[in-house]
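Scroll down for the structure; my scribbles are underneath it.
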Amino acid sequence: MNDNIDLSLLSGVLDEYAAVKGSLITILQHTQDIYGYLPKEAIELISERTGIATSEIMGVGTFYTQFRFEPVGKYLIMLCQGTACHVNGSELILQTIKDELGIDDGQTTEDGLFSLKCVACLGCCSLSPVMMVNEDTYGSLTPDKTKKILKELREAAV
Amino acid sequence: MRIVIGQGSCGIAAGAEKVRQALLKENINASVAGCIGMCYLEPIVDIYDEDKLTRLVKVSESDAPAIAEYINTGDRSKIENLVVSDEDSEFLNKQTRIALRNCGIINPEKIEEYIEKDGYTALKSCLTEKTPEEVIEIIKTSGLAGRGGAGFPTWFKWNAARQSEGEEKYLICNADEGDPGAFMDRAVIESDPHNLIEGMLIGAYAIGAKHAVVYVRAEYPLAIKRLKNALEQAREKGIIGNNIFGTDFSCDFMIKAGAGAFVCGEETALIESLEGHRGMPRLKPPFPAQSGFWRKPSNINNVETFANVAWIINNGGEAFAAMGTEGSKGTKVFAVTGKVKRSGLVEIPMGKTLRDVIFDIGGGMKSDKPFKAVQMGGPSGGCIPASLIDTVIDYKALGATGAIMGSGGMVVMDESTCMVGMAKFFLDFTAKESCGKCVHCRIGTKRMLEMLERITKGEGKEGDIELLEELCYAIKDGALCGLGQTAPNPVLTTIKYFRDEYEAHIKDKKCPAGECSDLIEYSINAEKCKGCTLCARNCPVEAISGTVKNPHVINIDKCIKCGKCYSICRFDAVVKA
Chain W
0 MNDNIDLSLL SGVLDEYAAV KGSLITILQH TQDIYGYLPK EAIELISERT
50 GIATSEIMGV GTFYTQFRFE PVGKYLIMLC QGTACHVNGS ELILQTIKDE
100 LGIDDGQTTE DGLFSLKCVA CLGCCSLSPV MMVNEDTYGS LTPDKTKKIL
150 KELREAAV
Chain L
0 MRIVIGQGSC GIAAGAEKVR QALLKENINA SVAGCIGMCY LEPIVDIYDE
50 DKLTRLVKVS ESDAPAIAEY INTGDRSKIE NLVVSDEDSE FLNKQTRIAL
100 RNCGIINPEK IEEYIEKDGY TALKSCLTEK TPEEVIEIIK TSGLAGRGGA
150 GFPTWFKWNA ARQSEGEEKY LICNADEGDP GAFMDRAVIE SDPHNLIEGM
200 LIGAYAIGAK HAVVYVRAEY PLAIKRLKNA LEQAREKGII GNNIFGTDFS
250 CDFMIKAGAG AFVCGEETAL IESLEGHRGM PRLKPPFPAQ SGFWRKPSNI
300 NNVETFANVA WIINNGGEAF AAMGTEGSKG TKVFAVTGKV KRSGLVEIPM
350 GKTLRDVIFD IGGGMKSDKP FKAVQMGGPS GGCIPASLID TVIDYKALGA
400 TGAIMGSGGM VVMDESTCMV GMAKFFLDFT AKESCGKCVH CRIGTKRMLE
450 MLERITKGEG KEGDIELLEE LCYAIKDGAL CGLGQTAPNP VLTTIKYFRD
500 EYEAHIKDKK CPAGECSDLI EYSINAEKCK GCTLCARNCP VEAISGTVKN
550 PHVINIDKCI KCGKCYSICR FDAVVKA
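Those protein sequences? They're chains W and L, same order as listed.
Quick note on numbering: the first sequence equals residues 0 to 157 in numbering that gives the first Met the number 0.
Quick note on numbering: the second sequence equals residues 0 to 576 in numbering that gives the first Met the number 0.
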C-alpha cells in the first residue's frame with residue numbers, strides 16, 4: 000500500500016512550515032489531511048526537512064489521539080465516549096457497531112469501507128449518544144437507528 | 000421579516016442546514032445564527048417581525064411549506080404546532096446572559112452584526128481612555144475568576160503577566176475544551192467569535208502582549224472555521240494588527256489546532272503542545288506569567304472567561320460583582336445534559352442552587368425515574384447526590400461537596416445510572432489521558448481502573464473500597480499537575496455518597512442500578528408475558544424458549560445478557576434484576 004505515497008503532495012506544507020519553529024503538530028495535521036494517516040515515508044521526509052528526529056516525531060504523533068499510522072476506511076466512524084453519551088447508552092451503540100461491522104475500536108473492515116474509532120467528547124451532548132461519520136454528525140442514536148445509518152452508508156458506497 | 004436559523008454544531012447535527020435548504024426552495028432566505036443553547040429543541044427557526052419574535056422549534060424539512068405560508072400570508076394556524084411553548088420559553092427567560100449574550104441572536108459570520116451590538120466599543124474605550132492598570136483594576140473589581148475550572152482570579156494572572164519583565168509577551172486562549180460533557184466554549188466560538196476576540200485583545204492590552212494565540216480543539220471544525228473568518232474580518236477593519244484604533248497598541252492573532260489530548264487543558268501542557276511537543280506539564284514555578292510560551296511571559300485564560308470581559312468593561316466591574324455570592328461573582332454557563340428533560344446551555348448568576356438549574360430551568364428528569372446525582376467538573380470533578388440538590392453555585396460551596404465548579408459540565412443522572420460504573424467511566428478516561436510523566440498518575444489510575452473493573456464484574460473483594468481510597472490520596476499527593484491531582488475525585492465522591500452501591504457490588508454481587516451487565520439477570524414475568532414470541536425470535540443465542548400464546552422462559556446458562564429481549568418486549572414482561 001505504500002507504493003503509491005506521493006510525497007510531492009507534502010512540499011507545499013513543508014515549504015510553508017518546515018522552518019517555522021513549533022510547527023510539528025501543524026505539519027502532521029496537514030500530512031494526515033493529505034494521506035488520511037501518517038505514512039512512514041512522509042514522517043521520514045518531515046524529519047529530513049525540519050531536522051526533527053523521526054523518534055521525536057513518532058513521540059509527538061503517538062501522544063495525540065488525532066494521529067493515525069494506518070490508512071482508514073472510506074467512512075471513519077468516530078463514536079463519542081463523553082459523559083452524557085455514556086449516561087445515555089453509548090455502550091450499546093458501540094456494541095451494535097462492533098456486531099454489525101465485525102471490527103473493534105481502532106480497526107477497519109476488510110472491504111476498507113468502515114473504520115471505527117472511539118473518541119473523547121464531541122461536544123454535541125444534547126444529542127447524545129452521538130457519532131460522527133467523516134464530517135457528518137448523527138445524534139440521538141439507538142441500536143436500530145445505528146444499523147440503518149450503517150446500511151445506508153454501505154449502499155451509498157456501492 | 001427576518002428569519003434566523005440556529006446553526007451551531009448541535010443544530011446542524013439535528014438538521015438545521017436541511018431546514019435552511021428546504022426554506023430556500025420556498026424562496027425564503029434565512030440567515031445563520033449560532034446556538035441559542037436550547038439544544039433539546041433544535042432545529043430552531045426564529046422569525047422576527049420588527050421586534051416581535053416567533054420561535055419555532057423541532058422544525059423539520061417538511062415544515063418548510065407551512066413556514067413559508069405563514070411568512071407570506073401571516074396565517075399563524077399553519078405553524079401553531081411548531082411555536083415554542085411557554086414552558087420551554089422559561090428555559091431562556093430564567094437565565095441571565097453575559098458570556099452568551101449574543102449567542103443564537105447575531106450572525107457569527109458577520110462582524111457588522113457584532114458591532115451593532117456595541118461590539119468592540121469596550122476595546123476602543125480601553126485603548127483610548129484607559130491605562131492597562133486601569134483595565135486590570137476594573138477586572139479586579141468585577142471579581143471575574145477563571146471559568147475553565149480552577150477559578151483563579153483573572154486580574155491576578157493579568158497583573159502578574161503585566162509585572163513580568165520582557166518586551167515579548169503572549170496572551171493565550173485555552174479553547175481546548177476537553178471536559179466530556181461541557182460545550183459552552185464551542186458554543187461561544189461558533190456563535191459569537193468576535194466577543195472572544197474582543198476579550199482577548201483587551202487582555203493582551205492589559206498585560207502588554209503583542210501576540211494572541213487561540214489553542215482550539217481539532218474536534219471543533221466549525222468553531223475553527225468561524226473563528227478564522229472572524230479574525231479575517233477583524234483584520235480588514237483594522238481591529239487586529241498594527242496601531243489598533245489609531246493607537247500605538249498592536250496585536251497579531253494566531254490559531255493553533257490541538258490534536259486531542261485532555262491534559263493540554265493544563266496550562267503548561269498546553270504551552271508544550273503549542274511549541275509542537277508532547278503535551279506534558281512543566282514543573283511550576285516558574286509560572287507561565289514569568290516563563291510561558293517560548294519561555295516568555297504568558298497569560299492563559301479560557302474562552303468563557305474572555306467572553307465576559309467586554310461586557311465588564313462596558314458595564315463596569317461593579318455591575319458584574321453585584322451578581323453572585325461573596326466569593327463567586329458574576330454568572331456562570333453550564334452545559335446541562337444527561338437524563339434531564341431540557342438539556343442545553345444555562346447561564347445564571349452565581350448563588351443560585353443546583354435545584355434551580357436542574358429542576359427549575361432544566362425541567363427535572365426526562366424519564367419517570369427519580370433524580371440520583373449530578374456530575375460536575377468532568378474527570379476532575381465529582382458526583383453530587385440528590386440530598387445536596389440545594390447546594391449553592393459557588394466555587395467554595397461546590398468544592399465542599401468534593402466536586403468542583405469545573406468548566407461547567409453538568410451531567411444529570413437518574414436511578415438507572417450505576418455510580419461505580421460512573422467512577423469506572425472516568426478512570427478509564429483519565430488512565431487513557433494521563434500523559435505518563437508522573438508514576439502516581441500513570442500507574443495509579445491504571446490500578447484503580449482495574450479494581451473498578453473487577454468490582455463491576457462481581458469480582459470485588461473485601462477491602463477494595465479502603466484500598467481505592469488509599470490509592471486516591473496517594474495519587475492526589477504524588478501527581479504534578481491538575482489532571483492527576485483531581486483524577487481521584489470521581490471515585491472519592493462516589494464512595495463518599497454511594498458507598499452502599501460499592502458494597503452491593505462487592506458483597507452481594509448486585510448492581511442496584513441494573514447497569515453492570517455481569518451482575519444482572521434477565522427473566523420473564525409469566526403473568527405479563529403474552530407469548531408473542533418476539534423475544535425468542537430476536538434472541539441472538541436462542542436462549543428463550545416457549546410456544547405461541549404461552550409464557551416464555553429464559554435459559555440463564557445460555558443468556559449473554561445483551562438486553563435485546565428487555566428492550567424489545569412490548570408488555571414489560573422481561574425483568575432485569
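Glycine included, each C-beta is placed from N, C-alpha and C at the ideal position.
Just so it is clear, the structure is predicted and the values come from calculations on it, not from any experiment.
Close to chain W, meaning a Cβ-Cβ distance shorter than 9 angstroms, are the following residues of the segment 270 to 284 of chain L: SER272, LEU273, GLU274, GLY275, HIS276, ARG277, GLY278, MET279. Listed in chain order, the non-local C-beta contacts of ALA525(L) below 6 angstroms within the same chain comprise PRO550, local neighbours out to five positions each way being set aside.
The three-state secondary structure of ASN298(L), taken from DSSP, is strand. For TYR47(L), the beta-bridge partners assigned by DSSP are ARG1(L), LEU52(L).
Chain order gives the chain W residues near ALA217(L) as GLN28, GLN65, where near means a beta carbon separation below 8 angstroms. Where PRO489(L) is concerned, the enclosing alpha helix (DSSP H) starts and stops at 488 to 502. The beta carbon of GLY361(L) is closer than 6 angstroms to those of VAL335, VAL339, ARG341 in its chain, skipping five residues each way along the sequence. Within its own chain, the residues whose Cβ lies closer than 7 angstroms to the Cβ of ALA478(L), once the five positions on either side in sequence are excluded, are CYS437, HIS439, CYS440, GLN484, listed in chain order.
Under DSSP, THR330(L) shares a beta bridge with PRO348(L).
Under the 8 angstroms Cβ criterion, the segment 519 to 533 of chain L does not count as touching the segment 404 to 417 of chain L, having fewer than three qualifying pairs. A straight-line Cα-Cα distance of about 22 angstroms links TYR39(L) and GLU134(W). For CYS172(L), the three-state secondary structure derived from DSSP is strand. In the DSSP assignment, ALA211(L) falls within the beta strand (DSSP E) that extends over 210 to 215. Beta-bridge annotation (DSSP): TYR137(W) is paired with MET130(W). Within the segment 72 to 85 of chain W, contact with chain L at the beta-carbon level (separation under 9 angstroms) is assigned to MET77, CYS79, GLN80, GLY81, THR82, ALA83, CYS84, HIS85.
MET418(L) is a Cβ neighbour of PHE497(L), given a cutoff of 7 angstroms. When rounded, the separation of the alpha-carbon atoms in ALA211(L) and ILE102(W) is 43 angstroms. Excluding sequence positions up to five before and after GLY316(L), its CB lies within less than 6 angstroms of the CB of ILE137, THR140, SER141, all in the same chain and listed in chain order. The three-state secondary structure of ILE78(L), taken from DSSP, is coil.
When rounded, the separation of the alpha-carbon atoms in LYS368(L) and ILE46(L) is 37 angstroms.
Here LEU99(L) is buried, its C-beta having at least 16 other C-beta atoms within 10 Å.
In this structure, the straight-line span from the alpha carbon of GLY5(L) to that of LYS147(W) is close to 27 angstroms. Burial state of PHE425(L) is buried, judged by a 10 Å Cβ sphere holding 16 or more other Cβ atoms.
For CYS117(W), the nearest beta carbon of chain L is not closer than 7 angstroms to its own beta carbon. Following the DSSP letters along the chain, one finds LYS116(W) inside the beta strand (DSSP E) bounded by residues 113 to 118. Only PHE424 from the segment 422 to 447 of chain L bring a Cβ to less than 7 angstroms from some Cβ of chain W. Of the candidates ALA268(L), GLN162(L), PHE292(L), the residue whose Cα lies closest to the Cα of LEU282(L) is ALA268(L). Of all residues in the segment 365 to 380 of chain L, those with a C-beta nearer than 8 angstroms to a C-beta of chain W are GLN374, GLY377, reading in chain order.
Within 7 angstroms of the CB of MET412(L), the CB atoms of chain W belong to VAL86, in sequence order along the chain. Between GLY81(W) and ALA12(L), the gap from beta carbon to beta carbon reaches 7 angstroms or more. Rounded to the nearest angstrom, the Cβ distance from VAL302(L) to CYS125(L) is 19 angstroms, too far for a contact under 8 angstroms.
CA-CA distance, TYR472(L) to VAL490(L), rounds to 11 angstroms. By the Cβ rule, the segment 13 to 32 of chain L counts as touching the segment 42 to 57 of chain L, because three or more pairs are nearer than 8 angstroms.
In the DSSP assignment, GLY408(L) forms a beta bridge with ALA334(L).
Cβ neighbours of LYS97(W) within its own chain (closer than 7 angstroms, five residues either side excluded): ASP103.
The beta carbon of GLY237(L) is closer than 7 angstroms to those of ILE243 in its chain, skipping five residues each way along the sequence.
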